[in-house]
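See below for the structure under consideration.
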Amino acid sequence: MRYSQLLIPTVKEVPAEAEVPSHRLMIRAGFIRKLASGTYTYLPLGWRSLQKIIAVVREEMNAAAAQEIVMPIVQPMELWRRTGRDEVFRDILGRFTDHHGRENVLAPTAEEVVTVLVAGEVSSYKQLPLNLYQIHTKFRDEFRPQYGVIRSREFLMKDAYSFDADPEGLNESYRRMYHAYRRIFDRCGLRYIVVEAESGGMGGTDTQEFMVPCAVGDVIVTTEDGSYAANIDKAAADPPPKAHADAEVGAMEEVHTPNVGSIEAVCNFLATQPQEMIKTLVYSAGGRPVVALVRGDHETNDAKLARAVGAEELALADAATIQAVTGAAVGFAGPMGLAGKVHKLAIDHAVAAMAVGVTGANKTDYHVRHVVPGRDFPLAGENVVIADIRTAVEGDTHQGKPLKFSCGVEVGHVFKLGTKYSQALGATFLDEDSAEKPFVMGCYGIGINRILAMAIELGHDDDGCILPVSIAPFEALVLPVNNDNPEVVAEAERIHDKLQQAGVDVLLDDRNARAGVKFKDADLIGIPLRIAVGDRSLKQGKVEVKRRTDKKPTPLPAHQAVAETLKILAEMKAKLGGPGRPL
Ligand SMILES: Nc1ncnc2c1ncn2[C@@H]1O[C@H](COP(=O)(O)OP(=O)(O)OP(=O)(O)O)[C@@H](O)[C@H]1O
Ligand SMILES: [Mg+2]
12 MRYSQLLIPT VKEVPAEAEV PSHRLMIRAG FIRKLASGTY TYLPLGWRSL
62 QKIIAVVREE MNAAAAQEIV MPIVQPMELW RRTGRDEVFR DILGRFTDHH
112 GRENVLAPTA EEVVTVLVAG EVSSYKQLPL NLYQIHTKFR DEFRPQYGVI
162 RSREFLMKDA YSFDADPEGL NESYRRMYHA YRRIFDRCGL RYIVVEAESG
212 GMGGTDTQEF MVPCAVGDVI VTTEDGSYAA NIDKAAADPP PKAHADAEVG
262 AMEEVHTPNV GSIEAVCNFL ATQPQEMIKT LVYSAGGRPV VALVRGDHET
312 NDAKLARAVG AEELALADAA TIQAVTGAAV GFAGPMGLAG KVHKLAIDHA
362 VAAMAVGVTG ANKTDYHVRH VVPGRDFPLA GENVVIADIR TAVEGDTHQG
412 KPLKFSCGVE VGHVFKLGTK YSQALGATFL DEDSAEKPFV MGCYGIGINR
462 ILAMAIELGH DDDGCILPVS IAPFEALVLP VNNDNPEVVA EAERIHDKLQ
512 QAGVDVLLDD RNARAGVKFK DADLIGIPLR IAVGDRSLKQ GKVEVKRRTD
562 KKPTPLPAHQ AVAETLKILA EMKAKLGGPG RPL
């Protein structure tokens, strides 16, 4: 392929909004151009890389016995209502009403569509297991599209959906996908951490995320030895040991704290510490009040709290509800006497372990001290739950090992959905015992564009991209240094043609441009191997070979250039691993 015939608009300047290296470099290297907020065109180089990623994903999905299909991007809103996800996905759904007044959704994912498809086509256990996948456009009206194609509104997702007769079948389908994912990310040259995640709006039980370490992104919580990794909504901190007061604690004592509502203000006012305080927060879960207690130096984690009280969704209650439940204005709630009034009283382990604390008095402008958990409010009872309902913080441990906090971007996600969607949509099959049962499902997503962006996040330097051979737009670049020298041009063409015949995806920089420009562009677009043909070295029968990662080129007899290139490329590919064997 000839450089002069391709649209490769490399540029020096990048828009100020490009905050991360991959965004800047994808623009500078002429991989992408922005159309509007969160939507990008892929130019020839960017699209070549995406196609290579797609090929890897497809090979591994097929090897794991998943079957490729394509589903529509336009989905009826009615399906989303049936599963209740019109509400869960509310703000990110792209919607339009068609000529006939029917409401439609631009696919952000496809659980509903694939479930009704399988419900119509599969009726017997004999047709299971089944795993269907597609590699297709998704639309999410992200509130804040960010970091170029890492968080865009329109993107390519590989989404797979497994259907099994029972949970054991699902475990096996999930295991296959998990291992296929590992091979996909290995072959794309990504470093990644697999973290336990919270299933959130998707429903279901087990779920893991494949996270690529990065300066930006979501918080990843790990132990030093890597034996435990979870996202921040899931990361479980060890409960502290039960504290005991030095001396007998006197009765609760009310203190007048006019206009002192925040933790900080109360601490100053009462000369106490946040960890001595019990924060009492009123939530509304499906219209029912739930009270959560966390220590003053901790934050409630909504996902954990929702799980602990068995709510699908919850939100902080409004001022009127707080007043109705506690009898006080916001900022003066306390747990005393609330257990009987609320749907659930959820107490974090760290609060249950306190010997004594300070909290709101359920009376505007008053707090109480000498509050003893178990004495002044219950630690057990029908609607009392003691659980991990807070976000883990620096200093916490998991099974005795200190927790470390870092950041990463999710490139893939595997989910055990169970029967949430099959039940909601009436998708059933006849089992061996002639009983009608809902399919047991899993779903598995990969962000194709994110793989490319994250490969650049991990692989770049000041000069440009450093892409793994498996997903670089070309494997090798032949660069004639002096375009005005016919011998140089002829030798460069010979090497290019021979490599092409040998099956190498090779680019010839045939532009009539200064050598400096060509070398700069070669580094910028990140082709893993460069063969430079210059008049001075060619006079001695030599060319120069350089890996993108080498500091200096290596001179080599010109007649060995092709064989050496093939050898280096083979080594690079071997390091990344090849297609997986069918499982
Ligand atoms: N806005 C987006 N832009 C690019 N890729 C995305 C976007 N949203 C999701 N993806 C990719 O699709 C995969 C599967 O989608 P999933 O629904 O699990 O995403 P998600 O958990 O909502 O992602 P995130 O937490 O980053 O918003 C993700 O692992 C990610 O790689
Ligand atoms: Mg996800």
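Numbering of the sequence shown is given in the numbering used here, commencing with residue 12 and proceeding in unit increments.
We treat Cβ as the ideally placed atom computed from N, Cα and C, and that holds for glycine.
Query                                                                                                                                                             : Result
Please report the residue range of the beta strand (DSSP E) in which Arg306 lies.                                                                                 : Arg299 to Arg306
Around the C-beta of Val528, are 16 or more other C-beta atoms found within 10 angstroms, so that it is buried, or is it exposed?                                 : exposed
Kindly indicate which three-state DSSP category Lys578 falls into: helix, strand or coil?                                                                         : helix
To the nearest angstrom, how far is the alpha carbon of Ile536 from that of Asp472?                                                                               : 11 Å
If distances are taken between C-alpha atoms only, which option among Val362, Asp376 and Arg101 comes closest to Pro384?                                          : Val362
Can you find the residues in the same chain that come closer than 8 Å, C-beta to C-beta, to Val396, ignoring five residues on each side of it along the sequence? : Ala319, Val320, Lys355, Leu356, Ala357 and Ile358
Which full runs of the beta strand (DSSP E) of 3+ residues lie inside the segment 154-202, going along the chain?                                                 : 165-175
Would you mind stating whether Ile64 and Ile542 have Cβ atoms separated by less than 7 Å?                                                                         : no
Just mark Ala466 as buried or exposed, buried being the case when its beta carbon has 16 or more other beta carbons within 10 Å.                                  : buried
Any contact between the segment 72-84 and the segment 198-206? By contact I mean 3 or more CB pairs, one from each, below 8 Å.                                    : no
Under the three-state reduction of DSSP, which class applies to Ile289: helix, strand or coil?                                                                    : strand
Would you say the beta carbon of Val422 is closer than 6 Å to some non-hydrogen atom of ligand 1?                                                                 : yes
CB-CB under 7 Å to Glu447, same chain, minus the five flanking residues each way: which ones, in chain order?                                                     : Thr439 and Leu441
Going by Cα to Cα distance, which pick from Leu510, Pro568, Asp521 and Val492 is closest to Val544?                                                               : Val492
Take every Cβ of the segment 335-355, pair it with every Cβ of the segment 295-311, and state whether three or more of those distances are shorter than 8 Å.      : yes
Note the first and the last residue of the continuous beta strand (DSSP E) segment covering Asn142.                                                               : Leu141 to Phe150
Alpha carbons only, please: which of Gly419, Ser548 and Met583 is nearest the one belonging to Ala487?                                                            : Met583
Straight-line CA distance for Ile579 to Asp520?                                                                                                                   : 20 Å
If we ignore side chains and look at the alpha-carbon of each, how far apart do Arg59 and Gln334 end up?                                                          : 60 Å
Which residue marks the beginning of the beta strand (DSSP E) containing Arg101, and which one marks its end?                                                     : First-last for Arg101: undefined, no H or E at that position.
Whose C-beta lies closer than 6 Å to the C-beta of Pro389 among residues of the same chain, with five residues either side of it excluded?                        : Ala350 and Val395
Helix, strand or coil for Leu519? Go by DSSP, reduced to three states.                                                                                            : strand
Starting from the Cα of Val293, find the closest Cα among Thr311, Glu287, Asn279 and Cys278 and give me that residue.                                             : Thr311
Suppose only complete runs of 3+ residues qualify. What are the beta strand (DSSP E) ranges in the segment 485-509, listed by chain order?                        : 487-491
Over what stretch of residues does the alpha helix (DSSP H) that includes Arg35 continue unbroken?                                                                : Pro32 to Arg39
Helix, strand or coil for Asp472 per DSSP?                                                                                                                        : strand
Can you determine whether any heavy atom of ligand 1 sits closer than 6 Å to the C-beta of Ser238, and answer yes or no?                                          : no
With a cut-off of 8 Å, do at least 3 Cβ pairs link the segment 509-518 to the segment 87-102?                                                                     : no
Let me check you understand the geometry: is the CB of Arg162 closer than 6 Å to at least one non-hydrogen atom of ligand 1?                                      : yes
Could you tell me if the beta carbon of Met72 falls within a distance shorter than 6 Å of some heavy atom in ligand 4?                                            : Although ligand 4 was asked about, the structure shown includes only ligand 1 and ligand 2 as ligands.
What does DSSP give as the partner residue(s) for Met222 in the beta ladder?                                                                                      : Ile204 and Glu421
Cα separation between Cys418 and Ala241?                                                                                                                          : 11 Å
For Thr560, does the count of other Cβ atoms within 10 angstroms reach 16, so buried, or fall short, so exposed?                                                  : exposed
Starting from Met72, follow the alpha helix (DSSP H) in both directions and report where the run begins and ends.                                                 : Pro55 to Ala74
So does Phe166 have its beta carbon nearer than 6 Å to some heavy atom of ligand 1?                                                                               : yes
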